[in-house]
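Numbering (the numbering used here), first residue to last: 470 to 622.
We put the beta carbon where it would ideally sit given N, CA and C, even for glycine.
All values reported here derive from a predicted model rather than from experimental measurement.
What follows is a short report on a single structure.
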């Protein structure tokens, strides 16, 4: 699930860049982190919208919420928030060209994705397989960095 949120953030920024958006922030990573936070908030809002008001509950159809489950959900929410913060910190440490390549690489869907990735490879004067390997290494570095970041626990 956290990977889905990260992918959605990368996709949104890359899509906006593909549509000609010029990032006004002094550090493009700040813009990216803002998008990631918004994606996370949207995810939380969607979960809240599924909640049912107590007056509307049909007691025969809905069971009470298990306190352990509620605590587990809160713990999961906090864990995701910490993960987003670690991703943000690690993205700040990446070279700007690597960050941009990741966002562009994951910025399209369907046939456009294939075309965009071929264009990236041509622009970098490397094969598509070499591009895939570079992206794989960047993702591994990012995962390793995120895993090595201290947690607040």
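Measure the Cβ-Cβ separation of residue i and residue j and say whether it is below 9 Å.
i: residue 548; j: residue 508; result: no
i: residue 553; j: residue 471; result: yes
i: residue 570; j: residue 501; result: no
i: residue 600; j: residue 574; result: yes
i: residue 555; j: residue 615; result: yes
i: residue 483; j: residue 572; result: yes
i: residue 587; j: residue 595; result: no
i: residue 505; j: residue 474; result: yes
Buried or exposed, going by whether 16 or more other CB atoms sit within 10 Å of the CB of residue i?
i: residue 531; result: Unreliable placement is indicated for residue 531, whose pLDDT of 47 sits below 50; the coordinate value is still reported in the next sentence. So residue 531 ends up on the exposed side.
i: residue 583; result: exposed
i: residue 576; result: buried
i: residue 557; result: buried
i: residue 589; result: buried
i: residue 479; result: buried
i: residue 542; result: exposed
i: residue 540; result: exposed
i: residue 622; result: In this prediction, residue 622 scores a pLDDT of 49, lower than 50, which makes its location untrustworthy; no coordinate-derived value is stated.
Report the residue from the options whose alpha carbon sits nearest the alpha carbon of residue i.
i: residue 617; options: 572, 499, 551; result: 551
i: residue 612; options: 489, 504, 563, 546; result: 563
i: residue 468; options: 607, 538, 587; result: The structure shown does not extend to residue 468, since the chain spans only 470 to 622, so no value can be given for it.
i: residue 567; options: 511, 605, 477, 493; result: 605
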